[in-house]
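Quick notes on the structure that follows.
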Amino acid sequence: MELNTMINPHNVRSAIDKYMLADGMDPIIDLEKSHGSWLVDARDGKEYLDLFSMFASMPVGYNHPYILEHSEILTKAALNKPTNSDIYSTQMAHFVDTMGRIAQPKYLPHSFYIEGGGLAIENALKTAFDWKVRNNIENGNGILGSKIIHFKDCFHGRTGYTLSLTDSPDPRKTLYFPRFDWPRITNPKITFPISDHLDNIVDSERTAIAEIKEAFQQNKNDIAGIIIEPIQGEGGDNHFRHEFFKDLKTLSLENEAL
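Going by my numbering, the first residue of the sequence shown is number 34, and it counts up by one from there.
Structure, rendered in structure tokens:
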């Protein structure tokens with residue numbers, strides 16, 4: 034018996050709204066006709082230039098010819114959901130080997146795959162906590178290493194630890210959820226053109242550096258890491274100078290934080 038799984042594009046929102054909050058964007062994506070960087074609305078065929086690529090999860094665009102050519106391989110991999118940490122497959126081995134040869138730099142020889150950005154941050158935080166506590170124990174500083182330095186206007190996710198690292202302009206994303214009171218630092222974002230605002234930018238960077246140094250001093254041996262988005266999206270397309278990133282790296286090395 035053939036199952037009819039198609040819903041009229043004009044009825045998509047009402048069908049979803051019966052069972053969950055349907056407050057997404059207006060277009061109804063046509064997964065077959067969308068192409069490259071163009072999202073096609075299934076209701077009227079109108080094309081939209083996709084400038085957010087599904088939060089960067091579609092970097093090669095829609096229906097890339099090479100992916101379509103090898104869709105049978107992807108279908109076989111998608112039909113089942115093995116726990117890849119416990120059960121291996123030829124498909125997984127091919128993926129890991131390809132990523133290792135093509136995408137991984139030599140100074141990062143090991144990989145750990147995570148499904149989603151928020152969970153990637155969670156695991157990075159756990160790595161920092163684990164490393165810092167073990168380092169403190171080895172150096173006789175006790176079981177310390179439970180805090181993360183982060184920046185105002187940041188967004189790192191809506192999962193457990195990441196809620197404490199999210200400073201969203203929309204308070205509903207963190208309201209009423211328990212969070213850690215971790216050091217939140219002034220955001221020395223760039224104002225363009227840089228040449229016209231360089232003095233103010235440098236002053237903001239100095240303020241941020243001073244706040245970070247104070248945080249390390251007030252939380253001796255308890256800062257496990259510093260986290261920053263290279264470009265803040267939620268906070269308003271905020272960029273930072275390369276010199277500031279270098280200062281952050283120096284501070285992390287001086288204070289034994291990741």
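A virtual CB, placed ideally from N, CA and C, is assigned to each residue, including glycine.
- Annotation: the continuous alpha helix (DSSP H) that includes Y99 extends over P98 to E102.
- Under the DSSP assignment, I259 falls in the beta strand (DSSP E) whose first and last residues are I256 to I259.
- Note on the stretch 42-70: whole alpha helix (DSSP H) runs with a minimum of 4 residues are 45-50, in chain order.
- Counting along the chain, the unbroken alpha helix (DSSP H) around F88 starts and ends at S86 to A89.
- Collapsing the DSSP output to three states places R191 in coil.
- By the neighbour-count definition (other C-beta atoms within 10 Å, threshold 16), N44 is an exposed residue.
- Here K185 is not near R212, since their CB atoms are 8 Å or more apart.
- Considered as a whole, the stretch 86-169 harbours 86-89, 98-102, 104-112 and 123-135 as its complete alpha helix (DSSP H) runs of no fewer than 4 residues, in chain order.
- Classified as buried, L158 has 16 or more neighbouring CB atoms from the shown chains inside 10 Å of its CB.
- Between P226 and A241, the CB-CB gap reaches or exceeds 8 Å.
- For S86, the closest C-alpha among the options N96, L286 and T224 is that of N96.
- Within the DSSP bridge table, the entry for Y81 names L72 as partners.
- Shown here, I182 sits in a strand according to DSSP, grouped into three states.
- Cβ contact annotation for N254 (same chain, cutoff 6 Å, sequence separation greater than five): N169, N174 and L177, in chain order.
- A direct Cα-to-Cα measurement between L286 and A126 gives close to 35 Å.
- For D203, the closest alpha carbon among the candidates I264, G269 and H230 is that of G269.
- Put simply, of R239, R167, I261 and A248 the residue whose alpha carbon is nearest the alpha carbon of T199 is I261.
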